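Report on the structure given below.
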Amino acid sequence: MPALVRAQATPKIRIGYWPIAAGLPFYAAVEQGYFKSAGLDVEVQRFAGAQQIMEAMLSDRCDGSANGTGSANIAIGEIAAPGSFKIFCSNPSNAKNVLDQMLVPAASTAKTMADLKGKRVASGPGIQNVTLAKTILERGGATGATVVELPIGQHVASLAAGQVDGCYTLEPTGTIGRLNGSTRVLEAGVIAKYVLGDPMAPWFGGSASLTSAFIKKNPEAAKKFIAAYGQGVAFVRSKPAEARQYLKGYTAIEGPLTAEVPLAAYTMYNEFTPADVAYFQKFFDLFSEKGIFSSRLMVDTMLYKG
Numbered sequence: 008m009p010a011l012v013r014a015q016a017t018p019k020i021r022i023g024y025w026p027i028a029a030g031l032p033f034y035a036a037v038e039q040g041y042f043k044s045a046g047l048d049v050e051v052q053r054f055a056g057a058q059q060i061m062e063a064m065l066s067d068r069c070d071g072s073a074n075g076t077g078s079a080n081i082a083i084g085e086i087a088a089p090g091s092f093k094i095f096c097s098n099p100s101n102a103k104n105v106l107d108q109m110l111v112p113a114a115s116t117a118k119t120m121a122d123l124k125g126k127r128v129a130s131g132p133g134i135q136n137v138t139l140a141k142t143i144l145e146r147g148g149a150t151g152a153t154v155v156e157l158p159i160g161q162h163v164a165s166l167a168a169g170q171v172d173g174c175y176t177l178e179p180t181g182t183i184g185r186l187n188g189s190t191r192v193l194e195a196g197v198i199a200k201y202v203l204g205d206p207m208a209p210w211f212g213g214s215a216s217l218t219s220a221f222i223k224k225n226p227e228a229a230k231k232f233i234a235a236y237g238q239g240v241a242f243v244r245s246k247p248a249e250a251r252q253y254l255k256g257y258t259a260i261e262g263p264l265t266a267e268v269p270l271a272a273y274t275m276y277n278e279f280t281p282a283d284v285a286y287f288q289k290f291f292d293l294f295s296e297k298g299i300f301s302s303r304l305m306v307d308t309m310l311y312k313g
């Protein structure tokens, strides 16, 4: 009986992640033992794309997402089933805290976004990546460009082989391409610049979340999980050099690469300012304007309130 009671008291928490650099606080929290120390049983689930994580959460195959999971992907799930998701940490990026970039082959003559007019440009899979790629090309003057979806792990090779002329991608792709000499960054922080209108604006492109169903069923476990995840964020902030080692195994980053990749910033649910929420809303509103969201979604209703 005591063992059964213990098992019921500590539910398995299934967390999905996409193998990009932005998920570092989650990787660090797992490897530093923060979840175990809190008495939590966290199951790490790797997915090929953010949309798959959202779908797994909607179908109760997954209880939450790590940072780096597309915020707009989570929002699409929220519109489909209102009240299903709560965002407790987001990873803002911009021209300083780089996550998003437009890459070109190292030998490309392109100097500005407009030079990709009529070209083939790759993006990561899923509606968030494709919509953003089309938007930055359009607003950057690259009319007539064709966007093709490619798994993020194929971006550098596709550029090097000349299969695409440019690539809207997320770190560590830009660092991998730069270090092996096959690609260069045409522009970094492109979402902040072309979508939010300021290269230094926080783009809350990825978020860690839990399902409302899990929070309602396991309120204490949810609080403990979010607190332990917050320890992962604090560790990345205070000891970034030490934290970088945990990129290995969770992403395609290994060896010297771990010291080179730029790190995203992180904002916990209790750290959002009104200005942050306004920029987050502006990002969501793009998807309403483009008809990707069937209705306007208010960010504030999705933020975990503690």
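Positions 8 to 313 (the numbering used here) are the ones given, in order, by the sequence shown. Note that CB positions come from ideal geometry on N, CA and C, so glycine has one too. The structure displayed is predicted, hence computed values, not measured ones.
- Could you tell me whether the Cβ atoms of G71 and S216 are closer together than 8 Å? Position 64 of the sequence shown, counted from the start, is the residue given in the question as residue 71. Position 209 of the sequence shown, counted from the start, is the residue given in the question as residue 216. In contact: G71 and S216 (Cβ atoms closer than 8 Å).
CB A63 to CB G23, shorter than 8 Å? Your numbering for residue 63 matches position 56 in the sequence shown. Your numbering for residue 23 matches position 16 in the sequence shown. Closer than 8 Å, so yes.
Around the C-beta of T258, are 16 or more other C-beta atoms found within 10 angstroms, so that it is buried, or is it exposed? Locating residue 258 in the sequence shown gives position 251, where the first residue counts as 1. T258 is buried by the Cβ-count criterion.
- Item | Proximity winner among K93, Q135, V105 and G169, relative to K126 (alpha-carbon distances) | Taking the sequence shown and counting its residues from 1, one reaches residue 126 at position 119. Looking at the Cα atoms, G169 is the closest of the given residues.
- Task: Helix, strand or coil for V12, going by three-state DSSP, please let me know.
- Result: Taking the first residue of the sequence shown as position 1, residue 12 is located at position 5. Summary for V12: the model assigns pLDDT 47, below 50, so the residue's position carries little reliability, and this model does not support an answer.
Using CA coordinates, which residue listed in E296, P179 and G40 is at the minimum distance from A271? Here residue 271 is taken as the residue at index 264 of the sequence shown, counted from 1. Closest option to A271, Cα to Cα, is P179.
For A35 versus Y253, is the C-beta spacing smaller than 8 Å?
-> Here residue 35 refers to the residue found at position 28 when the sequence shown is read from its first residue. Here residue 253 refers to the residue found at position 246 when the sequence shown is read from its first residue. Cβ atoms of A35 and Y253: closer than 8 Å.
Worksheet item: Can you give the Cα-Cα distance for M309 and F232, rounded to whole angstroms?
Response: If you number the sequence shown from 1, residue 309 lands on position 302. If you number the sequence shown from 1, residue 232 lands on position 225. Near 18 Å, if we compare the C-alpha coordinates of F232 and M309.
key: Cβ-based neighbour list, K255, same chain, cut-off 7 Å, excluding 5 preceding and 5 following   = Position 248 of the sequence shown, counting from 1, holds the residue named residue 255. Around K255: E261 and T265.
Nearest to S97 by CA position, among D292, F279 and A55, is which residue? Position 90 of the sequence shown, counted from the start, is the residue given in the question as residue 97. The shortest C-alpha separation from S97 is found at F279.
query: Does the region 51-70 come close enough to the region 109-123 that 3 or more CB-CB pairs lie under 8 Å?
result: no
- prompt: Just curious, the beta strand (DSSP E) that M109 is in, first and last residue?
  reply: Within the sequence shown, numbered from 1, the residue matching residue 109 stands at position 102. Where M109 is concerned, the enclosing beta strand (DSSP E) stretches over D107 to P112.
For M309, three-class secondary structure by DSSP
In the sequence shown, residue 309 corresponds to position 302, counting from 1. Helix, per DSSP.
Per DSSP, what are the beta-bridge partners of T265 in this structure?
Here residue 265 refers to the residue found at position 258 when the sequence shown is read from its first residue. Answer is none; T265 lacks a bridge partner.
Quick check on N187: buried or exposed, where buried means 16 or more other Cβ atoms within 10 Å of its Cβ? As a working note, residue 187 is residue 180 in the sequence shown. Counting Cβ neighbours within 10 Å, N187 comes out exposed, since fewer than 16 surround it.
query: Buried or exposed: which applies to P247, given that a residue is buried once 16 or more other Cβ atoms fall within 10 Å of its Cβ?
result: Taking the first residue of the sequence shown as 1, we reach residue 247 at position 240. By the neighbour-count criterion, in which 16 or more other beta carbons inside 10 Å mark a residue as buried, P247 falls on the exposed side.
Beta carbon of A149, beta carbon of L123: below 8 Å?
Within the sequence shown, residue 149 is the residue found at index 142, counting from 1. Within the sequence shown, residue 123 is the residue found at index 116, counting from 1. Yes. Within cutoff.
Item to complete: Give me the Cα-Cα distance between T142 and Y201, rounded to the nearest whole angstrom.
Response: One-based indexing of the sequence shown puts residue 142 at position 135. One-based indexing of the sequence shown puts residue 201 at position 194. Taking the straight line joining both Cα atoms gives about 8 Å.
Between the alpha carbons of T138 and A220, how many angstroms are there, rounded?
Taking the first residue of the sequence shown as 1, we reach residue 138 at position 131. Taking the first residue of the sequence shown as 1, we reach residue 220 at position 213. The straight-line gap from Cα to Cα measures roughly 29 Å.
**Study point:** F54 vs Y276 beta-carbon contact at 8 Å
**Key:** Within the sequence shown, residue 54 is the residue found at index 47, counting from 1. Within the sequence shown, residue 276 is the residue found at index 269, counting from 1. Not a contact, by the Cβ cut-off of 8 Å.
Next item on the list: For my contact list, A235 and A45 are in at a C-beta cut-off of 8 Å; report their separation, rounded to the angstrom.
Entry: Walking along the sequence shown from the start, residue 235 turns up at place 228. Walking along the sequence shown from the start, residue 45 turns up at place 38. Between A45 and A235 the Cβ distance is about 4 Å, and since that is below 8 Å, they are a contact.
* Would you call T182 buried or exposed, if buried means 16 or more other Cβ atoms sit within 10 Å of its Cβ? -> Taking the sequence shown and counting its residues from 1, one reaches residue 182 at position 175. Label assigned to T182: buried.
Task: Anticipated Cβ contact below 8 Å, G196 with S100, distance rounded - done: The residue given as residue 196 occupies position 189 in the sequence shown. The residue given as residue 100 occupies position 93 in the sequence shown. That belief holds up - the Cβ atoms of G196 and S100 are roughly 7 Å apart, short of 8 Å.
If you draw a straight line from the C-alpha of V51 to the C-alpha of S91, how long is it? Within the sequence shown, numbered from 1, the residue matching residue 51 stands at position 44. Within the sequence shown, numbered from 1, the residue matching residue 91 stands at position 84. Cα-Cα distance, rounded: 21 Å.
On a Cα-Cα basis, can you pick out the residue from A285, R185, V155 and F33 that is closest to Y175?
Your numbering for residue 175 matches position 168 in the sequence shown. If we check each option's Cα against that of Y175, V155 comes out closest.
Start-to-end residues for the alpha helix (DSSP H) that takes in V243
Position 236 of the sequence shown, counting from 1, holds the residue named residue 243. Per DSSP, the unbroken alpha helix (DSSP H) holding V243 starts and ends at P226 to S245.
Discussion item. Using 8 Å as the threshold, is the C-beta distance between G75 and G213 below it?
Written reply: The residue labelled residue 75 in the question sits at position 68 within the sequence shown. The residue labelled residue 213 in the question sits at position 206 within the sequence shown. A contact, by the Cβ cut-off of 8 Å.
#### Entry: Reference A88, options A208, N104, L65 and C69, closest by Cα
As a working mapping, residue 88 is identified with position 81 in the sequence shown. Answer by Cα proximity: L65.
Contacts around D283, its chain only, beta-carbon distance under 7 Å, and the 5 residues preceding and following it disregarded: For the purposes of this step, residue 283 is taken as residue 276 along the sequence shown, with counting starting at 1. Excluding positions up to five away in sequence, the list reads P209 and T274.
Checklist line | With 16 other Cβ atoms within 10 Å as the buried cut-off, status of R68 | finding: Residue mapping note: residue 68 aligns to position 61 of the sequence shown, counting from 1. Exposed, by the Cβ-count rule.
- Message: Within 8 Å of any Cβ in chain D, is that where the Cβ of V268 sits?
- Response: Structure shown: chain D not included; a single protein chain is present.
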